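Here the sequence shown stands for residues -21 to -1, 1 to 130, numbered as in mature numbering (1 follows the signal peptide of the UniProt record, and there is no 0). For reference, the structure discussed in these notes is given below.
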Amino acid sequence: MKKWFLGLLAAALLSGCAGNAGNTQTADEIAQALDTQGLTGTVETASQSRIQTLIGTPYTYTTEDGAQIGVFVYKDTDAAQADAACVSADGAGYDRESTDGTGYNVRTSWADAPHFYRKDNIILRYIGSDADVLTALEAVCGAQFAGSAAE
């Protein structure tokens, strides 16, 4: 009886440690999901840019046709959602406020149409207009949360 109770108590404590982070994905899992939508590509760790705005761990998914998708992995869904809220609706701005008032604002002109998607703890950034890429991103992530209208 005592062992049963201790086992039940341990299970209850461990389940509480999971928190409310929601589903989490890895960059490789997102790459596999994009591959199942007809894209063929590879995912690699990207270097952290000095002027990078999104604060997730950066990766790059590159298709066989050369399209590049920025993949930013966060510790949990809440962190990804908080960073997604910093991206302007048109995808050309990023505005991060910090609790100590030292936030920053960045505006940019992209070489092509920006598209931002979020899937659980991951933000994907695609700068381009390839219909196959946009279709795959929407199938994997749902509608974009910021950027240009898909054409």
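The C-beta atom is built at its ideal place from N, Cα and C for all residues, glycine as well. Computed from a predicted model, the values in this text were never measured in an experiment.
Going by C-alpha to C-alpha distance, which of G20, T32, Y38 and S26 sits closest to Q4?
Just measuring C-alpha positions, the residue of G20, T32, Y38 and S26 sitting nearest Q4 is Y38.
Please check the pair T19 and T42, which I expect to be a contact at CB under 8 Å, by giving their CB distance rounded to whole angstroms.
Indeed they touch by this definition, with Cβ atoms about 6 Å apart.
Do D91 and S77 have their C-beta atoms closer together than 8 Å?
With contacts defined as CB atoms closer than 8 Å, D91 and S77 fail to qualify as a contacting pair.
Assigned secondary structure, I101 (DSSP; H/G/I helix, E/B strand, else coil)
Note: I101 maps to strand in three-state DSSP.
Can you tell me which of the three DSSP states G121 falls into?
Assignment of G121 by DSSP, reduced to helix, strand and coil, places it in the coil class.
Please list, in chain order, all residues of the same chain as T24 whose beta carbon is under 7 Å from its beta carbon, the five residues on each side excluded.
The residues are Y38.
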